[in-house]
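These protein sequence lines map, in sequence, to chains A and C. Just so you know, the first sequence maps onto residues 1 to 309 in my numbering. Just so you know, the second sequence maps onto residues 1001 to 1309 in my numbering.
There are 2 protein chains.
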Amino acid sequence: MSRLRFGTFFFFQAAPGQRHEDIIRNELTQVEWSEELGFDEVWFTEHHFIDYGLSVDPATLAAAAASRTRRVRIGLAAAILPFHHPLRLAEQMALVDILSDGRLDVGVGRGNRPAEFAGYRVPQQESRERFDETVDVMQRGWTEERFSYHGRFFSFDDVRVIPKPVQRPHPPLYQVCVTKDGIENTALRGWPMLNSVLFGPVDQLVTNRDTYVNTLDKAGRTPEEIAALLARWGVSRQIYVADTDAKALAEAKDAELWYEDSFRRFVIGSARSRGKRSWRRRWPSARPTPSHVTSSTCARSAWARCSAG
Amino acid sequence: MSRLRFGTFFFFQAAPGQRHEDIIRNELTQVEWSEELGFDEVWFTEHHFIDYGLSVDPATLAAAAASRTRRVRIGLAAAILPFHHPLRLAEQMALVDILSDGRLDVGVGRGNRPAEFAGYRVPQQESRERFDETVDVMQRGWTEERFSYHGRFFSFDDVRVIPKPVQRPHPPLYQVCVTKDGIENTALRGWPMLNSVLFGPVDQLVTNRDTYVNTLDKAGRTPEEIAALLARWGVSRQIYVADTDAKALAEAKDAELWYEDSFRRFVIGSARSRGKRSWRRRWPSARPTPSHVTSSTCARSAWARCSAG
Chain A
1 MSRLRFGTFF FFQAAPGQRH EDIIRNELTQ VEWSEELGFD EVWFTEHHFI
51 DYGLSVDPAT LAAAAASRTR RVRIGLAAAI LPFHHPLRLA EQMALVDILS
101 DGRLDVGVGR GNRPAEFAGY RVPQQESRER FDETVDVMQR GWTEERFSYH
151 GRFFSFDDVR VIPKPVQRPH PPLYQVCVTK DGIENTALRG WPMLNSVLFG
201 PVDQLVTNRD TYVNTLDKAG RTPEEIAALL ARWGVSRQIY VADTDAKALA
251 EAKDAELWYE DSFRRFVIGS ARSRGKRSWR RRWPSARPTP SHVTSSTCAR
301 SAWARCSAG
Chain C
1001 MSRLRFGTFF FFQAAPGQRH EDIIRNELTQ VEWSEELGFD EVWFTEHHFI
1051 DYGLSVDPAT LAAAAASRTR RVRIGLAAAI LPFHHPLRLA EQMALVDILS
1101 DGRLDVGVGR GNRPAEFAGY RVPQQESRER FDETVDVMQR GWTEERFSYH
1151 GRFFSFDDVR VIPKPVQRPH PPLYQVCVTK DGIENTALRG WPMLNSVLFG
1201 PVDQLVTNRD TYVNTLDKAG RTPEEIAALL ARWGVSRQIY VADTDAKALA
1251 EAKDAELWYE DSFRRFVIGS ARSRGKRSWR RRWPSARPTP SHVTSSTCAR
1301 SAWARCSAG
């Protein structure tokens, strides 16, 4: 049975009244504290143009984290592939893998926020195909001395991605899954999934797990392979720990309200292009999953229901 | 009179027999030593696909350097603008400026190696125009809360580059100048120049200085402004220090030969698309500038002839 691993997730959220440079500095200090306090992992996301997250370049932040820690694994959840040049990202990730002595986990995502696609001038309807091509190019760049590639968006002749990453054949890839499609896609690639329960009930994880396991099963994976992949499943959730429920609720309230408001803007921006209905169905009121836990409820956390066993 | 400042330059050159990860690790250790030994600056370059330099992403390496030092300034010489997305680069540089507490110097260049343009699928003849647009977009992103931009290669509507850099209005910009055109261009922008005497006689610096000063003068800059810009002039040169000339020559010989060969390949690759004649004129035999100095010759270095003071 695999051990449940705990990590910290850094959004670099820019709530009002804070200077951006202080947010960056403080959260990177918390990265160091995460290692000191015994956490297993630190994670970085990618967003652009919005206070919801100043994590505008995961490679830069991961390089800083790699230089300030010695033990924790460093994960991306996720690099948003349609906004990256695949050769540059492969080069960056190889550097970070070296800087961290092989502690990098490369989570990848398609992106979901229209304002980011508009800002980077990438048609959002191309996100899946760009995602697929970028993954192909990165994997070939990491594993082949030289390669050529001819896709719809990217073509390369006899290029050589150096340096190579230290993890072989390459740093582990994970996929951020929001939809059933995404979960099936990850399972078919044989990658672990990354899920978020920042919003909605924790029960959604049970559905995700069932979809994932069924797809792996149909694809002919052995129970051992399935267990190994499930053991690397990553889930993000907001947690606020205090001595009592009342204290946790009181202390976290402002942050929770800001987050709710910030995420609602995010969702509204997203709903504009993707149809409000699907977002409403997924997050009926755009209310965050309750994030307050006391030290006693920690022990009987709902995680156990979803863990790999 | 301004003080002459000394820095170290990191190419991450991959001579045979060394593992890429060791090269990266060792040179980053030397970055730390540079600070301990009292150097003023550390510098990073950008190259792709070639053993000549594994510095494939200056932002990633600068982020690592920023996290491992406290005092030295961190310079790029240079970020090769035609290979970057201007918003991403502005975001990265702002992050590194924050990570380093305002120690970043952003040197920018147009690129000169055809294999890199081919690999990144950027037509080399567009390099000047892409350079100009990228500089414009970065400066607006760093200094304006939101902005729109419509160029030939890049167009953005109402985008917001965050976080902002801590140096105001933005990190100092420098331009790598190889040609008379480039020197005049930098002077007209009011930026300091970065020159390399990795090849050719040191005397070329006198010509560069004269071109630069004349252009500034014609553009109506005051003697004080010109002196201030000259005081920030950056020059890279290979230096090998030993107790005697003979010892320096003997010890540096292999490295010099490898570098000569590596750079010749670089030049040949470049000559293919730009006309061999101009490269031959500039570097008649592609022989490195003599790099060996003894502690006594250090004192009467040719630098003095070119210094601003």
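Just so it is clear, CB atoms sit at the ideal spot from N, CA and C, and this is done for glycine as well. Fair warning: this is a prediction, and the values are worked out from it, not measured in the lab.
- Residue nearest to threonine 8 of chain A within the set A/Ala14, A/Glu27 and A/Pro123 is A/Glu27 (criterion: CA-CA distance).
- Residue pairing of asparagine 195 of chain A in beta bridges, as defined by DSSP: A/Val235.
- From the beta-carbon of isoleucine 74 of chain A, no residue of chain C is found nearer than 7 Å; the closest lies around 12 Å away.
- Spanning the alpha carbons of phenylalanine 6 of chain A and aspartate 243 of chain A requires a straight line of approximately 20 Å.
- Under the criterion of beta carbons closer than 8 Å, threonine 215 of chain A and leucine 198 of chain A do not qualify as touching, at roughly 24 Å.
- Taking 8 Å as the upper bound for CB-CB distance, valine 159 of chain A and phenylalanine 1049 of chain C are in contact here, some 6 Å apart.
- The DSSP-derived three-state label of arginine 1221 of chain C is coil.
- Threonine 134 of chain A counts as buried, since at least 16 other C-beta atoms from the protein chains shown sit within 10 angstroms of its C-beta.
- Listed by position along chain A, the residues whose Cβ is nearer than 8 Å to that of glycine 1007 of chain C form an empty set, because the closest Cβ is around 20 Å away.
- Under the three-state reduction of DSSP output, histidine 1020 of chain C falls in the helix class.
- Using beta-carbon distances, glutamate 1035 of chain C does not count as an interface residue toward chain A, since no partner is under 8 Å.
- Measuring C-alpha to C-alpha distances from valine 96 of chain A to each of C/Val1166, C/Asp1057, C/Glu1046 and C/Pro1016 identifies C/Asp1057 as the nearest.
- Following the DSSP letters along the chain, one finds aspartate 157 of chain A inside the beta strand (DSSP E) bounded by residues 155–159.
- Inter-residue distance for tyrosine 1174 of chain C and valine 1137 of chain C is about 16 Å (C-alpha atoms, whole angstroms).
- Counting C-beta pairs closer than 8 Å gives three or more between the region 1163–1178 of chain C and the region 1194–1210 of chain C, which meets the contact rule.
- With contacts defined by Cβ atoms closer than 8 Å, aspartate 1051 of chain C and glutamine 1013 of chain C form a contacting pair.
- Restricting attention to A/Ala248, A/Phe153, A/Leu81 and A/Val213, the CA atom closest to the CA of isoleucine 239 of chain A is found in A/Ala248.
- Chain order gives the chain A residues near alanine 1063 of chain C as Thr60, Ala63 and Ala64, where near means a beta carbon separation below 7 Å.
- The residues Arg5, Phe6, Gly7, Val72 and Arg73, in chain order, have a CB closer than 8 Å to that of aspartate 40 of chain A in the same chain once the five nearest residues on each side in sequence are set aside.
- In the DSSP assignment, phenylalanine 6 of chain A falls outside any alpha helix (DSSP H), carrying neither H nor E.
- For glutamine 30 of chain A, the nearest beta carbon of chain C is not closer than 8 Å to its own beta carbon.
- In this structure, the beta-carbon distance from valine 1166 of chain C to aspartate 1101 of chain C falls below 8 Å.
- By the neighbour-count definition (other C-beta atoms within 10 Å, threshold 16), alanine 1250 of chain C is an exposed residue.
- Its Cα nearest to that of glutamine 139 of chain A, the residue A/Leu89 stands out among A/Ile183, A/Pro123, A/Leu89 and A/Ser127.
- Close to chain A, meaning a Cβ-Cβ distance shorter than 7 Å, is no residue of the region 1128–1154 of chain C at all.
- Serine 1055 of chain C sits buried, since 16 or more C-beta atoms from the chains shown fall within 10 Å of its C-beta.
- In terms of CA proximity to glycine 1220 of chain C, C/Gly1190 leads the group C/Gly1190, C/Gln1204, C/Leu1230 and C/Val1206.
- Across the set A/Gly151, A/Ala63, A/Leu230 and A/Ala64, the C-alpha of A/Leu230 shows the shortest separation from the C-alpha of threonine 211 of chain A.
- The beta-carbon distance between arginine 110 of chain A and phenylalanine 83 of chain A, rounded to whole angstroms, is 10 Å. This is too long to meet the 8 Å contact definition.
- Against glutamine 1092 of chain C, the close residues of chain A are Val56, Asp57, Ala59 and Thr60, in the order they occur along the chain (beta-carbon pairs closer than 9 Å).
- For the C-beta of glutamate 1021 of chain C, the chain A residues within less than 7 Å are, from N- to C-terminus, Ile98, Pro163 and Val166.
- Here glutamate 1041 of chain C is bridged, per DSSP, to C/Gly1007 and C/Arg1073.
- For arginine 160 of chain A, the C-beta contacts it makes with chain C under 7 Å involve Phe1049, in order along the chain.
- For the region 100–112 of chain A, the beta-carbon criterion of a distance under 7 Å to any beta-carbon of chain C is satisfied by none of its residues.
- For serine 1055 of chain C, no beta strand (DSSP E) encloses it, and the DSSP letter there is neither H nor E.
- In this structure, the alpha-carbon of arginine 103 of chain A lies about 26 Å from that of valine 1042 of chain C.
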